[in-house]
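Heads up, the thing below is written out as structure tokens.
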Amino acid sequence: MRRLAAATVGVIATPADLATVPAGTGIGLRRALLDELLAQRPALDFLELAPENWIGLGGRFGERLTEIGRHYPLIAHGLSLSLGGPDPLDARFLHQLRTFLDTHGVRSFSDHLAATTDGAQLYDLMPLPFAPAMVRYVADRIRQVQDVLGRRIAIENPSYYLALSDDLTELDFLLEVLEQADCDLLLDVNNVYVNAMNHGYDAEAFIAAIPPGRVRYLHVAGHRPPQQGLRIDTHAEPVAEPVWALLTGAYRRFGPLPTLLERDGNLPPLTALLAELAHCRALQQPGRTQ
Amino acid sequence: MRVSVPPVAGLAELQALQRDFAAYLRDPARPLPAGLDPAAAAIYAQLFRRNLSSLLGAAYPMLRRLLPPAQWQLLVARFYAQQRYTTPLFPGIAGEFARWLAEAAPADSPAMPDWVAELADWEWLEGDLARSPARLGPSPTGPLPRGPLALSPLVRRRRYRWPVHRLAPEAIPARPPAQPSELLMWRDRGQAVRFLALSPLAAQLLARLEQRPHAAAALGVVLPAQQPAGLRALLERHLPPLLEWLWRQDVLITLEEAEACR
Numbered sequence: 021m022r023r024l025a026a027a028t029v030g031v032i033a034t035p036a037d038l039a040t041v042p043a044g045t046g047i048g049l050r051r052a053l054l055d056e057l058l059a060q061r062p063a064l065d066f067l068e069l070a071p072e073n074w075i076g077l078g079g080r081f082g083e084r085l086t087e088i089g090r091h092y093p094l095i096a097h098g099l100s101l102s103l104g105g106p107d108p109l110d111a112r113f114l115h116q117l118r119t120f121l122d123t124h125g126v127r128s129f130s131d132h133l134a135a136t137t138d139g140a141q142l143y144d145l146m147p148l149p150f151a152p153a154m155v156r157y158v159a160d161r162i163r164q165v166q167d168v169l170g171r172r173i174a175i176e177n178p179s180y181y182l183a184l185s186d187d188l189t190e191l192d193f194l195l196e197v198l199e200q201a202d203c204d205l206l207l208d209v210n211n212v213y214v215n216a217m218n219h220g221y222d223a224e225a226f227i228a229a230i231p232p233g234r235v236r237y238l239h240v241a242g243h244r245p246p247q248q249g250l251r252i253d254t255h256a257e258p259v260a261e262p263v264w265a266l267l268t269g270a271y272r273r274f275g276p277l278p279t280l281l282e283r284d285g286n287l288p289p290l291t292a293l294l295a296e297l298a299h300c301r302a303l304q305q306p307g308r309t310q
Numbered sequence: 029m030r031v032s033v034p035p036v037a038g039l040a041e042l043q044a045l046q047r048d049f050a051a052y053l054r055d056p057a058r059p060l061p062a063g064l065d066p067a068a069a070a071i072y073a074q075l076f077r078r079n080l081s082s083l084l085g086a087a088y089p090m091l092r093r094l095l096p097p098a099q100w101q102l103l104v105a106r107f108y109a110q111q112r113y114t115t116p117l118f119p120g121i122a123g124e125f126a127r128w129l130a131e132a133a134p135a136d137s138p139a140m141p142d143w144v145a146e147l148a149d150w151e152w153l154e155g156d157l158a159r160s161p162a163r164l165g166p167s168p169t170g171p172l173p174r175g176p177l178a179l180s181p182l183v184r185r186r187r188y189r190w191p192v193h194r195l196a197p198e199a200i201p202a203r204p205p206a207q208p209s210e211l212l213m214w215r216d217r218g219q220a221v222r223f224l225a226l227s228p229l230a231a232q233l234l235a236r237l238e239q240r241p242h243a244a245a246a247l248g249v250v251l252p253a254q255q256p257a258g259l260r261a262l263l264e265r266h267l268p269p270l271l272e273w274l275w276r277q278d279v280l281i282t283l284e285e286a287e288a289c290r
């Protein structure tokens with residue numbers, strides 16, 4: 021495979037401030053929130069954005085983003101790298117991405133352990149076959165991405181509704197990729213819960229098997245109650261009680277890791293979102309004293 | 029869970045499976061790879077289409093409102109089945125939808141109302157101007173300058189068969205009006221996107237300025253090519269305030285600034 025850049029093998033030296041999420045809690049940055057956030061300046065430790073929505077944005081949105089970046093630390097969570105996709109990595113996009121991250125002083129970049137291409141963009145996350153050959157392939161691509169972006173990245177464990185291959189378990193696949201790629205994990209606690217329920221495994225045991233040093237930060241979100249036997253990770257409902265419980269367990273294991281509350285659909289007023297975030301912070305704080 | 033590839037599959041086999049599953053997700057009429065759970069796969073396909081529908085619906089709110097839901101869903105599904113765009117940027121894929129509606133959709137979806145492509149283009153323009161990285165300097169003070177004037181790079185002129193700027197749920201004409209709609213959309217120095225339905229005089233004036241910059245004083249002479257005496261008087265009365273207004277609205281800028289923006 022042709023490499024995107026002269027690759028350095030092994031651990032890449034990443035300045036710490038390019039691969040860490042500030043302590044505390046944050047929410048996702050959406051265009052519709054810009055004015056409200058700037059007017060109210062609620063206490064948030066960071067904001068997370070999808071670069072695919074913001075790269076190249078001028079006008080009022082571009083100005084507001086720059087202003088937001090002066091008041092809040094920004095982290096980025098991508099959706100389109102197609103780390104496990106069957107196509108070459110998009111070198112042009114990776115360079116655009118690096119420029120964007122550098123320009124806005126973005127502290128952390130993550131994407132999904134998924135495929136989003138089939139020769140063209142799918143604009144959604146396709147699950148990866150949990151197989152040894154895929155581990156090697158995706159780990160190699162993650163290292164290439166880290167080289168081009170000049171920073172260590174984190175990968176998210178996505179929700180999935182069917183397994184394209186179960187040569188490996190989801191957990192073993194994830195742990196092997198983390199090890200071989202030497203990257204961080206963005207642990208989505210809601211996805212662990214949804215996957216555990218849908219595929220019949222023990223969510224707490226899954227979390228207990230993850231090496232603490234690998235986890236950069238946590239995602240927590242709402243999901244849709246079961247339909248045709250499947251829970252769907254929608255980000256359009258409040259966080260479910262069992263997911264809060266799982267999050268509390270994650271804090272016990274990993275300490276009070278930075279946590280992002282995801283909400284993409286059925287958006288409540290900002291005050292309601294902040295109230296939910298306050299609950300998250302209350303769970304996170306006791307962890308800090310342990 | 030179902031196993032659909034042989035144990036210890038090679039990368040090529042895994043990638044073939046990924047492509048086949050993606051083909052099914054784009055168009056569930058295509059075969060599902062053997063061994064995959066049809067119910068879970070159908071949920072996946074539905075989620076993918078719903079996700080795209082919400083992305084496109086945010087970019088085309090009026091189009092989504094005006095189309096019967098089933099027709100909107102059908103267009104999104106057909107688009108998804110056919111599109112092969114590689115842009116990872118979300119505004120980019122929304123733009124491709126407007127192009128597809130204008131170019132491929134009429135043949136693909138004959139039942140699509142005639143105004144759909146024009147309305148989509150109009151809604152796309154608004155977002156495209158709002159996002160454009162082009163920028164104008166601070167507001168100039170003083171009257172209309174004597175030097176050559178040009179259109180701001182943040183101005184778009186359109187002629188539509190349908191009055192897309194007036195379409196509303198209770199206001200969709202059965203057929204296009206006799207006169208086309210001459211419309212102007214622009215972003216001003218305050219970054220607000222505005223639009224205007226143009227008078228025939230304003231449309232001609234802007235068409236001229238699109239071709240090449242003119243000094244304000246020259247515009248009365250060059251517009252239109254042949255001037256009957258009555259039109260000349262009309263021009264003398266209406267042109268100066270129109271130019272002044274377009275200047276104040278940031279539609280017209282100096283040639284110097286227009287070149288600096290390039």
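These protein sequence lines map, in sequence, to chains A and B.
Remember, the numbering used here sits 20 above the position in the first sequence when you count from 1.
Remember, the numbering used here sits 28 above the position in the second sequence when you count from 1.
Ideal placement from N, C-alpha and C gives every residue a C-beta, glycine not left out.
Note that the structure is predicted; figures quoted are calculated from it, not measured.
Beta-carbon proximity of residue i to residue j, cut-off 9 Å
| i | j | result |
| --- | --- | --- |
| GLU146 of chain B | TRP190 of chain B | yes |
| ALA69 of chain B | LEU182 of chain A | yes |
| HIS132 of chain A | LEU85 of chain A | no |
| LEU103 of chain B | SER82 of chain B | no |
| ARG127 of chain A | ASP37 of chain A | yes |
| ALA122 of chain B | TRP150 of chain B | no |
| TYR92 of chain A | PHE66 of chain A | yes |
| ALA260 of chain A | TYR221 of chain A | no |
| LEU117 of chain A | LEU49 of chain A | no |
| LEU238 of chain A | LEU64 of chain A | no |
| ASP253 of chain A | SER179 of chain A | yes |
| GLU224 of chain A | GLY275 of chain A | no |
| PRO171 of chain B | GLU264 of chain B | no |
| GLN304 of chain A | GLY44 of chain A | yes |
| LEU283 of chain B | LEU233 of chain B | no |
| ARG54 of chain B | LEU142 of chain A | yes |
| LEU191 of chain A | ALA229 of chain A | yes |
Inter-residue Cα distance where the pair is residue i and residue j
| i | j | result |
| --- | --- | --- |
| LEU177 of chain B | LEU280 of chain B | 6 Å |
| ALA105 of chain B | TRP128 of chain B | 12 Å |
| ALA174 of chain A | LEU226 of chain B | 52 Å |
| ALA245 of chain B | ARG174 of chain B | 7 Å |
| ILE47 of chain A | LEU95 of chain B | 34 Å |
| SER160 of chain B | ARG251 of chain A | 40 Å |
| LEU42 of chain B | MET146 of chain A | 13 Å |
| ALA216 of chain A | LEU207 of chain A | 14 Å |
| PRO149 of chain A | PRO106 of chain A | 12 Å |
| SER102 of chain A | GLU56 of chain A | 33 Å |
| ALA196 of chain B | MET90 of chain B | 8 Å |
| GLY120 of chain B | ASP187 of chain A | 37 Å |
| GLU198 of chain B | GLY85 of chain B | 20 Å |
| ARG90 of chain A | GLN46 of chain B | 42 Å |
| LEU293 of chain A | HIS299 of chain A | 10 Å |
| TYR157 of chain A | ARG163 of chain A | 10 Å |
| ASP142 of chain B | HIS255 of chain A | 36 Å |
| ALA206 of chain B | ARG217 of chain B | 35 Å |
Simplified DSSP state of residue i, which is helix, strand or coil
| i | result |
| --- | --- |
| GLU198 of chain B | coil |
| MET146 of chain A | strand |
| GLY48 of chain A | strand |
| HIS266 of chain B | helix |
| GLU285 of chain B | helix |
| LEU172 of chain B | coil |
| HIS193 of chain B | helix |
| ILE230 of chain A | coil |
| ILE75 of chain A | coil |
| VAL126 of chain A | coil |
| GLU83 of chain A | helix |
| GLU257 of chain A | coil |
| TYR88 of chain B | coil |
| THR40 of chain A | coil |
| ALA153 of chain A | helix |
Residue i Cβ short of 8 Å to the ligand PLP heavy atom set
| i | result |
| --- | --- |
| LEU250 of chain A | Annotation note on the ligand PLP: not contained in the displayed structure, which lists no ligands. |
Integer Cβ distance of residue i from residue j, believed to fall under 8 Å
| i | j | result |
| --- | --- | --- |
| LEU211 of chain B | LEU182 of chain B | With a Cβ gap of about 15 Å, LEU211 of chain B and LEU182 of chain B do not count as contacting. |
| PRO61 of chain B | PHE76 of chain B | With 8 Å as the limit, PRO61 of chain B and PHE76 of chain B do not qualify as a contact, their Cβ atoms being about 16 Å apart. |
| ARG234 of chain A | LEU198 of chain A | 5 Å |
| LEU58 of chain A | GLU87 of chain A | 6 Å |
Beta-carbon neighbours of residue i, restricted to chain E and to distances below 7 Å
| i | result |
| --- | --- |
| ASP65 of chain B | Absence of chain E from the displayed structure is noted, the protein chains being A and B. |
Legend entry - Sequence ranges, beta strand (DSSP E) only - wholly within the segment 90–117 of chain A, length at least 3: 94–97
Inset, instruction - Identify every run of the alpha helix (DSSP H) within the segment 167–218 of chain A, keeping only runs that are complete inside it and at least 4 residues long; order them along the chain. - result: 190–201
Legend entry - In chain order, each alpha helix (DSSP H) run of at least 4 residues that lies wholly inside the segment 110–196 of chain B: 118–131, 133–136, 144–159
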